[in-house]
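Inspection log for the structure reproduced underneath, given as structure tokens.
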Amino acid sequence: MDTSTTLPDSPKQNHASKMVPAHWWNSAIHSSIALTLWMIGLLTLVGASMLIRNHLGPWPVELAFTRAVQGLFYGSWFAPFLIFFGTFNNPTPSGIALGIVFAVILLMGWYRQAIFLGLTVAVGNGIETVFGNYVARLRPSPDLVRVDIMLKYNSFPSGHVNHEVLFYGFLLYLSFTRPVRTWRYRWVLIPLQVFAALNILLIGISRVYEGEHWAFDVLGG
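FYI, the numbering for the sequence shown is 4 to 224, going by our numbering.
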């Protein structure tokens, strides 16, 4: 028997392969990866919350990190620059920004993206509230580090960081999707993309610099 001869695929196999488009498989793979990453993140947050709940005070590495961040010389312009991101992302201005972006996305006719944005921020803020009430960690104390504004809300996880990563992270993702990449005036979004990236990168340092969160609060957010 000639072993080099291969048998053709059966008609059923050919029919099945034609019934499932390639883009469906790609979408299924992407969804599986996203779900896996989401579950890993949730389990990590659960573990971190249990750990922090059993040690509500600052860990030595957190105290050292905060003092190092606050002790650096930032110059006459960079310190206000850091504080700006913390102030701009307070509940009122961040809520206004969310409303404006949501309305713009609706006007563009991207209804699915608008719904996804609303659900992402709402669910994320809800999860942050649940874990915050469970851990009930105190804010940094002025006896240990410099505290610009004394706050009484739960410290872990950071609501500011949580909101910024969800909101501006979604906007960055949206700006690289096909509808936006093929938009005629997509170049006008470049400054907004830079602003979104800076928010995500600097909001955590800003919270530590102002003495409103410990480092693990930022990582949890």
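All C-beta atoms, glycine included, are put in the ideal place defined by N, C-alpha and C. Just so you know, these numbers come straight off a predicted model, no measurement behind them.
So, Phe105 versus Gly121, is the Cβ gap smaller than 8 Å?
Contact flag set, yes.
Below 8 Å on the Cβ atoms is my contact criterion, and I expect Leu101 with Val124 to pass it. Report the Cβ-Cβ distance as a whole number of Å.
Yes, Leu101 and Val124 are in contact; Cβ-Cβ is about 6 Å, under 8 Å.
Please report the distance separating the alpha-carbon of Ser34 from that of Phe179.
Cα to Cα, the separation comes out at about 17 Å.
Output needed for Phe239: all residues of its chain with C-beta closer than 7 Å, excluding positions within five of it in sequence on either side, in chain order.
No statement about residue 239 is possible, as the shown extent of the chain runs from 4 to 224 and does not include it.
Under 8 Å between the Cβ atoms of Ile203 and Tyr176?
Contact flag unset, no.
Just the Cα atoms here: how many angstroms apart are Val221 and Val211?
Approximately 8 Å between the Cα atoms of the pair.
Using alpha carbons as the reference points, say which of Glu213, His216, Ile206, Ala218 lies closest to Ser97.
Ranking Glu213, His216, Ile206, Ala218 by Cα distance to Ser97 puts Ile206 first.
I'd like the span of the alpha helix (DSSP H) that includes Glu167, first residue to last.
Glu167 -> alpha helix (DSSP H) spans 162-178.
Compute the Euclidean distance between the alpha carbons of Pro83 and His166, then round it to the nearest angstrom.
Whole-angstrom Cα-Cα distance: 21 Å.
Please state whether the Cβ-Cβ distance between Leu59 and Arg140 is less than 8 Å.
Contact flag set, yes.
Given this structure, state the Cα-to-Cα distance separating Val138 from Ile193, to the nearest angstrom.
Going from the Cα of Val138 to the Cα of Ile193 covers about 39 Å.
Assign Ala199 to one of two classes, buried (16 or more other C-beta atoms within 10 Å of its C-beta) or exposed (fewer than that).
Classification of Ala199: buried, given that the 10 Å Cβ count is 16 or more.
Roughly how many whole angstroms lie between the Cα atoms of Arg149 and Gln73?
Cα to Cα, the separation comes out at about 8 Å.
Could you check the C-alpha separation between Gly223 and Thr95 for me, to the nearest Å?
For Gly223 and Thr95, the distance between alpha carbons rounds to 22 Å.
Measure the beta-carbon distance from Leu85 to Ser161 and round it to whole angstroms, keeping in mind my assumption that it falls under 8 Å.
That pair is no contact at about 15 Å.
Would you mind giving the Cβ-Cβ distance between Glu65 and Ile152, rounded to the nearest angstrom? I have them listed as a contact below 8 Å.
About 19 Å separates the two Cβ atoms, so there is no contact after all.
I need the DSSP call for Asn136, collapsed to helix, strand or coil.
Note: Asn136 maps to helix in three-state DSSP.
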